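Taking it in order: structure first as structure tokens, then the write-up.
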Amino acid sequence: MMKAYIVSLSILSFFLLTSCSMEDEPEEIVKKIKSGYDGVDIVTEVLEGETYRYSLSYPSLENEEADAEVSGYVEKTKSSFLEKADESPESGAMPLVMTFSSNIEKVLDGNYYSFIFTHDYYLGDANGMVHRTAMTLDTKTMEPVEIETLIDEHYLEVLSGLVKKEMREKYEDAVLDEHIDEFTAPVKENFTDFSLTENGIVFTYDKYEWTKGSAGAPMVEVPFEDLEDVMDEEFLKTVAGKERGSIPEEEPAGEEQTGAPGSGDEEAGGVPKKQVALTYDDGPHSEHTTELLRHLDEFDAKATFFLLGSHVESHPSIVKEISASGHEIGNHTWNHPDLTTLEPDQVAKEIQATNEIIYKVTGEKPTVFRPPYGASDDTVGQALTEPEILWTLDTFDWQTESPEEITKVVMSEVTDGSIILLHDIHERSIKASRIILEELKEEGYEFVTVSELIDP
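Residue numbers (full-length UniProt numbering): 1 to 456.
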């Protein structure tokens, strides 16, 4: 099974977690860096003011048409937030915040780039808003892919029915019956924003559009196998070619396939296993991490722990237990600063000191790195010797009040290959993890480390 190499471009709202003095005229910091994909750069825009703040991360594309579509959407989103921020009364309790993140996957034997864009904002009321949209590019031309090039002209009625079916099956009681017909009506406008995975077509929606708030911003995936009768002939060949390439028709005589973890091992019957990587930041915690390790062991699950050096120093026995249990250990800096605000020598010290304490405790160096708040730049990259890993599914467990709400976010957004962000410093996150492990296992998911997921 081919695993899409995942680059999560998220730089999320760390501003809510810290407080510092700001100038009256906040300065927007804009940076552009290379991504791991041809024809795709990454732009970040960060502004940190006293009354409102935003953090944006989005692709810059070599194709002018596609780039104009993305940059126009980002600018419209930012302008809308700024207008709402100006109109909102000053509460004095917390600044207004917007984040814009992008996720990219290269799928179907590298023929397509699939983007999912998520932006959310907090305007001082009880519930924040989450908006989500998607786009797919042909990697050869870097041009946007239209749905009618994948599905023949009679697709609308069929697709409408399939999407509605998936909505009801996935979200059940969270579906708002008075709205679902509107968003599944057989008109082209309902199916223009989509992304592709190895297994199907994903349609994205905003929070509250046709579901209750507990469902977050829903995504619905229609499997390719359900679309074979209406699929474009050339696209059908692409999908079929991917499947032939990922499942050997015949095992060579005299050789035994062992299948390393995360390499797309197959279940009985030749069906590739679905895999996710559970990742935990900011630990270890004196009590919660130990409880989490018991849950992971119960489900024979491996996870990746992005540890703070200061916490490793305080709780070495727990770190040894993490390592001895076969989980992956990553570097999350010593004191959890925003690295993009530090001088190069300070960045290096945060990373090196954490590497050293982890090696001292476990005898092994961390294999991956995750910057606090997802905030990174060229200075951070130059200080690293390990791969920088972000996430593709943010549970927002740090601001969610119950395990059930955290679980709903995961179960509504998880796909094969998801890198799930959690924190082992919150009791609610540990309780949610127990539920998530049980429910995802029932759906056929295997739990692997980040390194196993992205480099099988």
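Heads up, the beta-carbon is just placed ideally off N, CA and C, and yes, glycines get one too. Only a predicted model underlies this, so the values are computations on that prediction, with no experimental measurement involved.
Contacting residues, own chain, Cβ-Cβ under 8 Å from Pro-186 (five flanking each side not counted): Leu-156, Glu-157, Leu-159 and Ser-160
Contacting residues, own chain, Cβ-Cβ under 7 Å from Thr-395 (five flanking each side not counted): Ile-406, Val-409, Val-410, Ile-420, Leu-421 and Leu-422
Own chain, CB closer than 7 Å to Ser-21, minus 5 neighbours either side, in chain order: Interpretation of Ser-21 is limited by its pLDDT of 38, a score under 50 that renders its predicted location unreliable; the figure taken from the coordinates is listed afterwards. Excluding sequence neighbours, Ser-21 sits near nothing in its chain.
Spatially closest choice to Ile-430 from Phe-81, Ala-303 and Thr-118, by CA coordinates: Ala-303
Heavy atom of the ligand NAP within 7 Å of Val-450 beta-carbon: Only the bare structure without any ligand can be found here, which leaves the ligand NAP out of the picture.
Under 8 Å between C-beta atoms of Val-130 and Asp-120: yes
Whole-number beta carbon distance between Val-46 and Ser-55, since they are thought to touch under 8 Å: 5 Å
Sequence-distant residues of its chain with Cβ nearer than 7 Å to His-315 (five each side left out): Pro-284 and Ser-286
For Arg-434 and Leu-296, the rounded distance between their alpha carbons: 8 Å
Between the CA atoms of Val-70 and Ala-324 - distance to the nearest angstrom: 45 Å
Per-residue DSSP class, three states only, for Ile-389: coil
Between the CA atoms of Asp-281 and Thr-355 - distance to the nearest angstrom: Strictly speaking, residue 355 in this sequence is Asn, with Thr absent from that position. Their backbone Cα atoms lie some 15 Å apart in a straight line.
Terminal residues of the alpha helix (DSSP H) in which Met-135 lies: That residue, Met-135, is in no alpha helix (DSSP H); its beta strand (DSSP E) goes 129 to 138.
In DSSP terms, what Phe-305 is bridged to: Tyr-280 and Ile-329
4-residue-minimum alpha helix (DSSP H) runs that sit fully inside the region 371 to 423, ordered along the chain: 378 to 383 and 403 to 413
Proximity to Lys-32 [Cα-Cα], best of Arg-53, Asp-300, Ser-57 and Glu-401: Ser-57
Sequence-distant residues of its chain with Cβ nearer than 8 Å to Glu-228 (five each side left out): Leu-236
Test item: CB-CB of Val-368 and Val-276 under 8 Å: no
Separation of Glu-234 from Thr-133, as counted between CA atoms: 26 Å
C-beta contact flag for Arg-370 and His-332 at 8 Å: yes
Nearest-angstrom Cβ-Cβ length linking Val-222 and Ile-201, presumed shorter than 8 Å: 5 Å
Sheet register partners of Gly-219 (DSSP bridge): Going by the sequence as given, residue 219 is Met instead of Gly. Answer is Thr-204.
Cβ neighbour criterion (16 or more within 10 Å) applied to Thr-77: buried
Option in Glu-28, Glu-446, Ser-102 and Thr-341 with minimal Cα separation from Ser-376: Thr-341
Cα-Cα separation between Gly-72 and Leu-196, rounded to whole angstroms: 22 Å
Nonlocal neighbours in the same chain, by C-beta distance under 7 Å from Glu-250, ignoring five residues either side: No answer about Glu-250 holds up, because its pLDDT of 33 lies below 50 and its placement is not dependable.
Identified DSSP bridge partners for Arg-294: In the DSSP output, where bridge partners are listed per residue, Arg-294 has none listed.
Which listed residue (Ala-348, Pro-344 and Leu-307) has its alpha carbon closest to that of Glu-328: Leu-307
Member of Thr-385, Val-230, Phe-224 and Met-167 whose CA lies at the smallest distance from the CA of Ala-215: Met-167
Candidates Asp-152, Asp-38, His-154 and Glu-182: closest to Tyr-112 by CA position: Asp-38
Alpha helix (DSSP H) segment containing Tyr-359, residue limits: 344 to 362
Close-in-space but distant-in-sequence residues of the same chain around Ile-357 (CB under 6 Å, 5 per side omitted): Gly-309, Val-312 and Glu-313
According to DSSP, residues forming a beta bridge with Asp-193: Paired residues: none, contrary to the question.
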